[in-house]
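Visitor: Every position in the sequence shown, counted from 1, becomes a number in the numbering used here once 3 is added. There's a structure below that I have some questions on.
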Amino acid sequence: MTSAQVDTENVPEEGYERGLGSRQVQMIAIGGAIGVGLFMGAGANIAKAGPSIILMYALAGVVIFFIMRALGELLLYRPVSGSFAEYAREFLGPFFGFVTGWTYWLMWVVTGMAELTAAAIYINFWFPEIPQWVSALVFLVVLFGVNLISVKIFGEVEFWFSMIKVTAIIGMIVIGLGVLTLGFSDAGDTATVSNLWSHDGFFPNGIGSSLMTLQGVMFAYLAVELVGVTAGESENPEKTLPKAINTLPWRIIVFYVGALLVILSVVKWTEFSAGESPFVHAFGEIGIPLAAGIVNFVVLTAALSSCNSGMYSTGRMLRDLAANSEAPQAFGKLNARKTPAVGITVSVALMGIGVVLNYVVPEKAFLYVTSVATAAGIWTWMMILVSHIRYRAAVDAGRLRASAFPAPGGALFSWVALLFLIGVTCMIAYDKDARVCLYVAAGWAVALAVGWAILKSRNPQIAERRDPEFEKVG
4 MTSAQVDTEN VPEEGYERGL GSRQVQMIAI GGAIGVGLFM GAGANIAKAG
54 PSIILMYALA GVVIFFIMRA LGELLLYRPV SGSFAEYARE FLGPFFGFVT
104 GWTYWLMWVV TGMAELTAAA IYINFWFPEI PQWVSALVFL VVLFGVNLIS
154 VKIFGEVEFW FSMIKVTAII GMIVIGLGVL TLGFSDAGDT ATVSNLWSHD
204 GFFPNGIGSS LMTLQGVMFA YLAVELVGVT AGESENPEKT LPKAINTLPW
254 RIIVFYVGAL LVILSVVKWT EFSAGESPFV HAFGEIGIPL AAGIVNFVVL
304 TAALSSCNSG MYSTGRMLRD LAANSEAPQA FGKLNARKTP AVGITVSVAL
354 MGIGVVLNYV VPEKAFLYVT SVATAAGIWT WMMILVSHIR YRAAVDAGRL
404 RASAFPAPGG ALFSWVALLF LIGVTCMIAY DKDARVCLYV AAGWAVALAV
454 GWAILKSRNP QIAERRDPEF EKVG
């Protein structure tokens, strides 16, 4: 074995069924880059930043690529389902693995709430008489059933959800380009590329307002790291994971930058507002029969896709925590179909809080849960970057073997991405609407500190464990 190969002998047998094929992992990775943050959240971001939101998505996309290449290098060094929690545990210590695992679990629980909220809003497009909480509850129960059956069923459902999203966005771009070049439809007379700068400029509300949208933009990229969680159930991780990560730039260019360029050229930015999908609005303006309804169906599948992924990842993360004695041992059990049913069930029950939010504060539910999810996601990305920096230092010192998938720029780009995420966190603190997530984060930090103290009192050795691989020399 060369020093850059995947050391499969040191990859633990986790008991999962390696039921995710290459096409499924690829579509999970693609689907992770197309979620409710784009379809729903982009409306509020456009209203704040105007056409410059395109630049914000592109900037954030570059940083996300740095993060994913850092994760990719770690995944090919040791592909495990615990992923970033395992790497934080190995390179930063057990406490950071504990915090990262539980925080990533929290991110997906609240993201699931956000997706359920968005899905319920989309249903209101057709059936305004149905209360949001009813739709959210129905979707929660159906997806729960999908995740309990088997990872193959999850992968297949996610494959088709992602296929719908990809096909639809490409179709939207093609139709939008047709409106721009051929001038057909109700929007043909006003559709022009000059819409990107003709209405108070490219930065209509100033550069500061554009930068303040970055915390909302980052939420749109939550779930791109999900491909790391699939490592323990991928049939051929050393081939499928690098391919999934390396295709990220074109996914960002097409699905984010390309799609927003087209719709903001077809419809001037002042027509968009928070609380509605800019894609649904744009195709309503074009006036193609049933187009708005079709797009609404697509964004509905995007929300359900992300919620489906959330249920998948929460169960796996709780099982990793249980395996390291950082969560109740019941979470470590697999059912007869090799799925972590107990962890999924508990997570879904907590996602039900989103149903309650949709009943109590339907107009605020989406903002609250997306803010919390963004903060938890930023912590996860930071841990990936810091773990990567420590890993590269260990490789350079000869303590660890090199990965088969080294990140370009080594640790340098990880430092750049880390500073960017710190800057986004400062912006969240400055934004009075998003600041609520920092209050939740403070409470969560206290809860984690108390939990860790209890764990140490019951099992003092837990704070001293290190992965023996990290201590190897030569």
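All C-beta atoms in this analysis are idealised placements derived from N, C-alpha and C, irrespective of residue type, glycine included.
#1: Ordered along the chain, which non-local residues of its own chain (more than five positions away) have a Cβ less than 8 angstroms from that of residue 291?
#2: Report the residue ranges of all alpha helix (DSSP H) runs contained in full by the segment 174 to 256; include only those spanning at least 4 residues, in chain order.
#3: Extract the residue ranges of the alpha helix (DSSP H) inside the segment 382 to 457, only unbroken runs of 4 or more that lie entirely within it.
#4: Looking at the unbroken alpha helix (DSSP H) that takes in residue 287, where does it start and where does it end?
#5: Which runs of the alpha helix (DSSP H), 4 residues or longer, sit entirely within the segment 330 to 367?
#6: Are the CB atoms of residue 50 and residue 276 within a distance shorter than 7 angstroms?
#7: Going straight from the alpha carbon of residue 443 to that of residue 377, what length do you get?
#8: With respect to the alpha helix (DSSP H) encompassing residue 97, which residues constitute its N-terminal and C-terminal limits?
#9: Which two residues bound the contiguous alpha helix (DSSP H) that contains residue 319?
#10: Could you check what DSSP says for residue 44 in three-state terms: helix, strand or coil?
#11: Since residue 337 and residue 82 should fall inside the 8 angstroms C-beta cutoff, what is the C-beta to C-beta distance between them, to a whole number of angstroms?
#12: Can you name the start and end residues of the alpha helix (DSSP H) that residue 80 belongs to?
#13: Taking residue 213 as the reference, which of 58, 454, 389 and 440 has the closest Cα?
#14: Output needed for residue 88: all residues of its chain with C-beta closer than 6 angstroms, excluding positions within five of it in sequence on either side, in chain order.
#15: Look at the Cβ atom of residue 315, then the Cβ atom of residue 157, and state whether they are nearer than 7 angstroms.
#16: Assuming residue 199 contacts residue 280 under a Cβ cut-off of 8 angstroms, what Cβ separation, rounded to an integer in Å, is found between them?
#17: Smallest Cα separation from residue 363: which of 432, 120 and 211?
#18: With a 10 Å radius around its C-beta and 16 neighbouring C-beta atoms as the bar for buried, classify residue 457 as buried or exposed.
#19: Check the Cβ-Cβ distances between residue 308 and every residue of chain D, and say whether any is below 7 angstroms.
#20: Could you tell me the boundaries of the alpha helix (DSSP H) in which residue 135 lies?
#21: According to DSSP, is residue 471 helix, strand or coil?
#22: Taking the alpha helix (DSSP H) that residue 265 belongs to, which residues open and close that run?
#23: I'd like to confirm something about residue 278: is its beta-carbon nearer than 6 angstroms to some heavy atom of the ligand ADP, or not?
#24: Here's the rule: buried if 16 or more other CB atoms are within 10 angstroms of the residue's CB, otherwise exposed. What is residue 449?
#25: For residue 239, count neighbouring Cβ atoms within 10 angstroms of its own Cβ and tell me buried if that reaches 16, exposed if not.
#26: Would the beta-carbon of residue 373 fall within 7 angstroms of that of residue 117?
#27: Check each candidate in 252, 257, 414 and 196 and name the one with the smallest Cα separation from residue 173.
#28: Rounded to whole angstroms, how far is the Cβ of residue 410 from the Cβ of residue 403, which I believe are closer than 8 angstroms?
#29: Among 64, 437 and 461, whose alpha-carbon lies nearest the alpha-carbon of residue 225?
#30: State whether the segment 137 to 152 contacts the segment 259 to 273, with contact taken as three or more CB pairs (one from each stretch) at a distance under 8 angstroms.
#31: Let me confirm a value: residue 383 is counted as buried when at least 16 other C-beta atoms fall within 10 Å, else exposed. Which label applies?
#32: Quick check: residue 430 and residue 135, are their CB atoms within less than 7 angstroms of each other?
#33: Grab me the residues of residue 96's own chain with a C-beta within less than 7 angstroms of its C-beta, minus the 5 sequence neighbours each way, in chain order.
#34: Determine whether the beta carbon atoms of residue 318 and residue 325 lie at a separation below 7 angstroms.
#35: Rounded C-beta distance between residue 228 and residue 465? I'm assuming under 8 angstroms.
#36: For a quick check, are the C-beta atoms of residue 320 and residue 455 less than 7 angstroms apart?
Guide: Let me lay it out:
#1: Your numbering for residue 291 matches position 288 in the sequence shown. Closer than 8 angstroms at Cβ, skipping near neighbours: 178 and 188.
#2: 209 to 214, 217 to 223, 229 to 232, 240 to 249 and 251 to 254
#3: 415 to 433
#4: The residue you call residue 287 lines up with position 284 of the sequence shown. Its alpha helix (DSSP H) spans residues 281 to 289.
#5: 344 to 363
#6: For the purposes of this step, residue 276 is taken as residue 273 along the sequence shown, with counting starting at 1. For the purposes of this step, residue 50 is taken as residue 47 along the sequence shown, with counting starting at 1. In contact: residue 276 and residue 50 (Cβ atoms closer than 7 angstroms).
#7: Counting from one through the sequence shown, the residue named residue 443 turns up at place 440. Counting from one through the sequence shown, the residue named residue 377 turns up at place 374. Near 12 angstroms, if we compare the C-alpha coordinates of residue 377 and residue 443.
#8: Here residue 97 refers to the residue found at position 94 when the sequence shown is read from its first residue. Per DSSP, residue 97 belongs to the alpha helix (DSSP H) from 97 to 129.
#9: Position 316 of the sequence shown, counting from 1, holds the residue named residue 319. Taken as a continuous stretch (DSSP letters only), the alpha helix (DSSP H) holding residue 319 covers 294 to 326.
#10: Locating residue 44 in the sequence shown gives position 41, where the first residue counts as 1. It is coil, neither helix nor strand.
#11: Within the sequence shown, numbered from 1, the residue matching residue 337 stands at position 334. Within the sequence shown, numbered from 1, the residue matching residue 82 stands at position 79. That pair is no contact at about 19 angstroms.
#12: The sequence position of residue 80 within the sequence shown is 77, counting from 1. Residues 56 to 80.
#13: Working through the sequence shown from its first residue, we reach residue 213 at position 210. Nearest of 58, 454, 389 and 440 to residue 213, Cα basis: 58.
#14: For the purposes of this step, residue 88 is taken as residue 85 along the sequence shown, with counting starting at 1. 100, 103, 104 and 323.
#15: Sequence index remark: in the sequence shown, residue 315 carries index 312 (1-based). Sequence index remark: in the sequence shown, residue 157 carries index 154 (1-based). Taking 7 angstroms as the Cβ cut-off, residue 315 and residue 157 qualify as a contacting pair.
#16: If you number the sequence shown from 1, residue 199 lands on position 196. If you number the sequence shown from 1, residue 280 lands on position 277. Between residue 280 and residue 199 the Cβ distance is about 20 angstroms, and since that is not below 8 angstroms, they are no contact.
#17: As a first step, residue 363 is located in the sequence shown; it is residue number 360 there, counting from the start. Residue 120 is the option with its Cα nearest to residue 363.
#18: Taking the first residue of the sequence shown as 1, we reach residue 457 at position 454. By the 10 Å Cβ count, residue 457 comes out exposed.
#19: The structure shown has no chain D; it contains just one protein chain.
#20: Sequence index remark: in the sequence shown, residue 135 carries index 132 (1-based). Element bounds for residue 135: 135 to 152.
#21: Translated into the one-based positions of the sequence shown, residue 471 becomes position 468. Note that residue 471 scores 41 on pLDDT, short of 50, meaning its location in the model is unreliable and no value can be drawn from it.
#22: On the sequence shown, residue 265 is found 262 positions in, with the first residue counted as 1. Looking at the DSSP string, the run of the alpha helix (DSSP H) that includes residue 265 is 262 to 269.
#23: The ligand ADP is absent from the structure shown, which contains no ligand whatsoever.
#24: Residue 449 sits at position 446 when you count from the first residue of the sequence shown. Residue 449 comes out exposed.
#25: What you label residue 239 is simply residue 236 of the sequence shown in a count that begins at 1. Looking at its Cβ environment, which holds fewer than 16 other Cβ atoms inside 10 Å, residue 239 is exposed.
#26: By one-based count along the sequence shown, residue 373 stands at place 370. By one-based count along the sequence shown, residue 117 stands at place 114. It is a contact, given that the beta carbons lie within the stated cut-off.
#27: Counted from its first residue, the sequence shown places residue 173 at position 170. Closest option to residue 173, Cα to Cα, is 257.
#28: The sequence position of residue 410 within the sequence shown is 407, counting from 1. The sequence position of residue 403 within the sequence shown is 400, counting from 1. Residue 410 to residue 403, Cβ: 15 angstroms. No contact.
#29: Indexing the sequence shown from 1 puts residue 225 at position 222. Here the closest residue by C-alpha is 64.
#30: no
#31: Position 380 of the sequence shown holds residue 383. Burial call: buried.
#32: On the sequence shown, residue 430 is found 427 positions in, with the first residue counted as 1. On the sequence shown, residue 135 is found 132 positions in, with the first residue counted as 1. Contact flag unset, no.
#33: The residue you call residue 96 lines up with position 93 of the sequence shown. Counting only Cβ-Cβ distances below 7 angstroms, and skipping sequence neighbours, we find nothing.
#34: Along the sequence shown, read from residue 1 onward, the residue named residue 318 stands at position 315. Along the sequence shown, read from residue 1 onward, the residue named residue 325 stands at position 322. The answer is no: Cβ separation not under 7 angstroms.
#35: Taking the first residue of the sequence shown as 1, we reach residue 228 at position 225. Taking the first residue of the sequence shown as 1, we reach residue 465 at position 462. Actually they are not in contact, since the Cβ atoms of residue 228 and residue 465 sit about 26 angstroms apart, beyond 8 angstroms.
#36: Translated into the one-based positions of the sequence shown, residue 320 becomes position 317. Translated into the one-based positions of the sequence shown, residue 455 becomes position 452. Against a cut-off of 7 angstroms, the Cβ pair of residue 455 and residue 320 comes out as no contact.
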